[in-house]
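Enquirer: Okay, here's the structure, questions in a sec.
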Amino acid sequence: MRTQSEAHPTGVASLSAGYRDGTVQVRAVVETLLAHLADHHDEGVWISVSDTATLRGRAAELDASGPEGLPLFGIPVAVKDNIDVAGLPTTAACPAFAYSPSRDAAAVRRLRDAGAVIVGKTNLDQFATGLSGQRSPYGACESVFGGDLISGGSSSGSAVAVASAIVPVALGTDTAGSGRVPAALNGIVGLKPTRGLVGTSGVVPACRSLDCVSVFTHSTSDAATVLDVLAGPDPDDPWSRTGPPLPASTTPRLALPDDLDLDPGIAARFAQVTEVAAARADAVVRTSAEPLREAGALLYDGPWVAERLAGLAGFLAGHADDVLPVTRAVIERGRDFDAVATFRARHRLQELRAWCRDLFGRADVLLLPTVPTTFTRAEMAEDPVARNAVLGRYTQFTNLLDLAAVAVPAGFTTDGRPCGVTLVGPAFSETRLLTAAAALVPVEVS
């Protein structure tokens with residue numbers, strides 16, 4: 524079983540330092556990357572990869588220009604294959620859905636403009652519907668920690684590409700936890716920004732009003748660097764928005780939940796983490812997690828599943844047999860909800876948002892386990908829907924309640940399984956969360 528230290532790649536900060544002092548050149552980094560891609564099939568990680576000529580041409584272009592003014596100069600980046608990259612097909616892990624975009628998604632364009640090298644497109648749970656990483660015709664990649672553990676989804680390939688040291692940065696998406704669950708199961712950082720802070724034009728919708736572009740890195744500082752590039756108005760995204768960042772503190776007021784439902788190994792490790800975090804915080808606020816679980820249940824057991832159907836109804840009408848049965852079954856549940864049910868759910872959600880406003884009036888950040896347990900790929904295959912719901916127990920509420928979150932590694936259970944925690948805060952609290960994660964969580968994350 525691989526340890527976290529063995530999985531760490533060269534990060535954004537160290538690679539950028541090498542470029543600046545002239546000890547590293549982009550062409551050398553690209554050649555190393557090409558050699559890896561030639562020697563390793565990385566089952567289930569990639570759906571498509573930029574060709575050799577494109578990658579070498581990009582390296583030559585960057586080496587000729589130099590790093591000045593380019594915060595992501597020469598940084599290799601993987602992109603989840605529901606996000607458009609010009610020159611590569613977008614499949615959303617459904618071959619019959621595939622199309623060839625003429626331009627980059629807004630997030631990818633910002634990365635390129637900052638000097639990044641776009642390596643290729645990564646595997647995902649089909650149509651970003653799932654948290655296991657097992658719902659794809661392109662394979663089901665295992666966690667980097669082995670033992671047949673699932674990699675987590677839906678951004679499975681992106682997380683494994685970072686955790687296995689292929690690239691230092693990858694883009695995912697996160698509607699129900701897709702940028703945080705795989706981070707926890709692969710021992711890396713997963714940042715889910717505020718809805719609308721990073722533009723989603725050029726992203727295949729999953730649940731359009733809730734979708735976010737997420738970021739995988741190995742450190743909170745690298746995540747902050749990438750977010751600085753990605754954040755900003757997207758004129759082609761009607762959901763795009765900006766807001767003033769909330770102030771950060773290394774000793775924030777910390778909210779801790781009292782009524783978690785975790786497996787014993789995760790519970791024991793989470794207790795160790797919270798003991799240290801509480802000692803480092805300015806104050807501790809106890810809270811119930813039940814309102815969060817109730818809000819999260821609305822995503823798949825409430826009318827928001829109909830929003831997934833709204834985005835794919837036309838494709839399903841002509842290609843139902845081209846969609847995986849488990850994916851199709853989840854999406855078609857949207858037919859069970861009418862307008863009355865939708866409004867009732869929205870009214871209840873508003874009450875839960877008011878509860879959240881009160882909580883974050885008393886606390887700056889909320890600390891939660893990212894996942895309540897882990898599953899093997901064999902276990903996931905036995906009951907894919909119910910076990911998917913378990914994985915999202917402490918992630919699914921976040922976008923519905925208009926919150927930001929960052930997932931960070933928090934060591935291992937006594938039997939060697941990865942454990943992650945998530946810091947959650949109000950909209951536009953990304954800097955606060957990244958600062959708090961580095962200060963409070965008692966493992967190396969930067």
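Just so you know, we're using this note's numbering here: the sequence shown kicks off at 524 and counts up by one.
A virtual CB, placed ideally from N, CA and C, is assigned to each residue, including glycine.
Along the chain, where does the alpha helix (DSSP H) that runs through I689 open and close?
Expert: Within the sequence shown, residue 689 is the residue found at index 166, counting from 1. Per DSSP, I689 belongs to no alpha helix (DSSP H) and is neither H nor E.
Enquirer: Under three-state DSSP, which class holds P756?
Expert: Along the sequence shown, read from residue 1 onward, the residue named residue 756 stands at position 233. Of the three classes helix, strand and coil, the one that applies to P756 here is coil, per DSSP.
Enquirer: Spell out a yes or no on whether the segment 705 to 716 and the segment 680 to 693 are touching, meaning 3 or more CB-CB pairs, one atom from each, closer than 8 Å.
Expert: Contact between the segment 705 to 716 and the segment 680 to 693 is present, because at least three Cβ pairs lie under 8 Å.
Enquirer: Assuming A691 and G534 make a contact with CB atoms under 8 Å, what is their CB distance in whole Å?
Expert: Position 168 of the sequence shown holds residue 691. Position 11 of the sequence shown holds residue 534. The question names Ala, but residue 691 is Pro in the sequence shown. So it is a contact: roughly 5 Å between Cβ atoms.
Enquirer: Tell me the residue span of the beta strand (DSSP E) that contains F739.
Expert: Position 216 of the sequence shown holds residue 739. Run containing F739: 736 to 740, per the beta strand (DSSP E) assignment.
Enquirer: In terms of alpha-carbon separation, which member of H741, P761, A747 lies closest to S732?
Expert: Here the question's residue 732 lines up with position 209 in the sequence shown. Of the listed residues, the one whose Cα sits closest to S732 is P761.
Enquirer: So, are the CB atoms of D881 and A959 less than 9 Å apart?
Expert: Along the sequence shown, one-based indexing puts residue 881 at 358. Along the sequence shown, one-based indexing puts residue 959 at 436. No, Cβ-Cβ distance for D881 and A959 is not below 9 Å.
Enquirer: Along the chain, where does the beta strand (DSSP E) that runs through C942 open and close?
Expert: In the sequence shown, the residue the question calls residue 942 occupies position 419. 941 to 949 is the span of the beta strand (DSSP E), which, as asked, contains C942.
Enquirer: Less than 8 Å between the CB atoms is what I'm expecting for D607 and A621, so what's the real figure, rounded?
Expert: On the sequence shown, position 84 is the one that residue 607 refers to. On the sequence shown, position 98 is the one that residue 621 refers to. Contact flag wrong, Cβ pair sits at about 12 Å.
Enquirer: In terms of residues, what are the limits of the beta strand (DSSP E) holding L593?
Expert: Your numbering for residue 593 matches position 70 in the sequence shown. From DSSP, L593 is part of no beta strand (DSSP E); its letter is neither H nor E.
Enquirer: Nearest-angstrom Cα distance between L777 and E798?
Expert: On the sequence shown, position 254 is the one that residue 777 refers to. On the sequence shown, position 275 is the one that residue 798 refers to. Going by the C-alpha atoms only, they are around 11 Å apart.
Enquirer: Which residue from N646, T645, A630, L647 puts its Cα closest to that of A639?
Expert: As a working note, residue 639 is residue 116 in the sequence shown. When each option's Cα is compared against that of A639, the closest is A630.
Enquirer: In the DSSP assignment, the beta strand (DSSP E) including G643 goes from what residue to what residue?
Expert: Along the sequence shown, read from residue 1 onward, the residue named residue 643 stands at position 120. Residues 640 to 645.
Enquirer: For I606, write down the residues that DSSP places opposite it in a beta bridge.
Expert: In the sequence shown, counting from the first residue as 1, residue 606 sits at position 83. In DSSP, I606 forms a bridge with V726.
Enquirer: Can you tell me where the beta strand (DSSP E) with P892 in it begins and where it stops?
Expert: Residue mapping note: residue 892 aligns to position 369 of the sequence shown, counting from 1. It spans 888 to 892 - the beta strand (DSSP E) in which P892 sits, taken as one unbroken run.
Enquirer: Apart from the five residues on each side of it in sequence, which residues of its chain come closer than 8 Å, Cβ to Cβ, to V849?
Expert: Taking the first residue of the sequence shown as position 1, residue 849 is located at position 326. Excluding sequence neighbours, V849 sits near G653, R658, P907, V908.
Enquirer: Go ahead and pull the three-state DSSP assignment for V913.
Expert: Looking up residue 913 in the sequence shown gives position 390. Reduced to three states, the DSSP call for V913 is helix.
Enquirer: Scan the segment 797 to 843 and note each continuous alpha helix (DSSP H) run of 4 residues or more that stays entirely inside, going in chain order.
Expert: DSSP runs (the alpha helix (DSSP H)) wholly in the segment 797 to 843: 813 to 824, 828 to 842.
Enquirer: To the nearest angstrom, report how far apart C879 and R703 are at their CA atoms.
Expert: By 1-based counting over the sequence shown, the position of residue 879 is 356. By 1-based counting over the sequence shown, the position of residue 703 is 180. So the alpha carbons of these two residues sit roughly 20 Å apart.
Enquirer: Look up S571 in the DSSP assignment and say whether it is helix, strand or coil.
Expert: As a position in the sequence shown, residue 571 is number 48, starting the count at 1. Strand, per DSSP.
Enquirer: Does the segment 559 to 576 touch the segment 714 to 724, meaning 3 or more C-beta pairs lie closer than 8 Å?
Expert: Too few Cβ pairs lie closer than 8 Å, so no.
Enquirer: Rounding to the nearest angstrom, what Cα-Cα distance links L753 and R764 in this structure?
Expert: Against the sequence shown, residue 753 aligns to sequence position 230. Against the sequence shown, residue 764 aligns to sequence position 241. The straight-line gap from Cα to Cα measures roughly 13 Å.
Enquirer: Quick one: grab the DSSP three-state call for F860.
Expert: Against the sequence shown, residue 860 aligns to sequence position 337. If DSSP states are grouped into helix, strand and coil, F860 belongs with coil.
Enquirer: Just how far apart, CA to CA, sit L847 and A818?
Expert: Residue 847 sits at position 324 when you count from the first residue of the sequence shown. Residue 818 sits at position 295 when you count from the first residue of the sequence shown. Taking the straight line joining both Cα atoms gives about 27 Å.
Enquirer: If the criterion is Cβ atoms closer than 9 Å, does the pair T921 and V944 meet it?
Expert: Sequence index remark: in the sequence shown, residue 921 carries index 398 (1-based). Sequence index remark: in the sequence shown, residue 944 carries index 421 (1-based). Contact: no.
Enquirer: What's the C-alpha gap between G1022 and A843?
Expert: A question about residue 1022 goes unanswered here, because the residues of the chain that appear run from 524 up to 969.
Enquirer: By DSSP's criteria, I673 is part of a beta bridge. Which residues make up the other side?
Expert: Within the sequence shown, residue 673 is the residue found at index 150, counting from 1. In DSSP, I673 forms a bridge with E665.
Enquirer: Mind checking who T613 pairs with in its DSSP beta bridge?
Expert: As a working note, residue 613 is residue 90 in the sequence shown. Partner(s): Y622.
Enquirer: Can you tell which of H559, E566, S539 has its C-alpha closest to the C-alpha of G592?
Expert: What you label residue 592 is simply residue 69 of the sequence shown in a count that begins at 1. For G592, the nearest C-alpha among the options comes from S539.
Enquirer: Can you tell me the Cα-Cα spacing of A747 and I598, whole angstroms?
Expert: As a first step, residue 747 is located in the sequence shown; it is residue number 224 there, counting from the start. As a first step, residue 598 is located in the sequence shown; it is residue number 75 there, counting from the start. In a straight line, the C-alpha of A747 is about 15 Å away from that of I598.
Enquirer: Locate the alpha helix (DSSP H) running through A558, then write down its first and last residues.
Expert: Counting from one through the sequence shown, the residue named residue 558 turns up at place 35. First-last of the alpha helix (DSSP H) with A558: 549 to 562.
Enquirer: Among residues of its own chain, excluding the 5 on either side of T717, which ones have a beta-carbon nearer than 6 Å to its beta-carbon?
Expert: What you label residue 717 is simply residue 194 of the sequence shown in a count that begins at 1. Excluding residues within five positions, the ones whose Cβ falls inside 6 Å are A927, A950, F951.
Enquirer: Apply the 10 Å Cβ neighbour rule to A806 and answer buried if 16 or more other Cβ atoms are within range, or exposed otherwise.
Expert: Taking the sequence shown and counting its residues from 1, the one referred to as residue 806 is at position 283. By the 10 Å Cβ count, A806 comes out exposed.
Enquirer: Can you tell me whether P660 is helix, strand or coil according to DSSP?
Expert: What you label residue 660 is simply residue 137 of the sequence shown in a count that begins at 1. It is coil, neither helix nor strand.
Enquirer: Identify the continuous beta strand (DSSP E) that holds G713 and give its terminal residues.
Expert: Looking up residue 713 in the sequence shown gives position 190. G713 -> beta strand (DSSP E) spans 712 to 715.
Enquirer: Taking the beta carbon of P826 as the centre, do at least 16 other beta carbons fall within 10 Å, making it buried, or is it exposed?
Expert: As a working note, residue 826 is residue 303 in the sequence shown. By the neighbour-count rule (16 or more Cβ atoms within 10 Å), P826 is buried.
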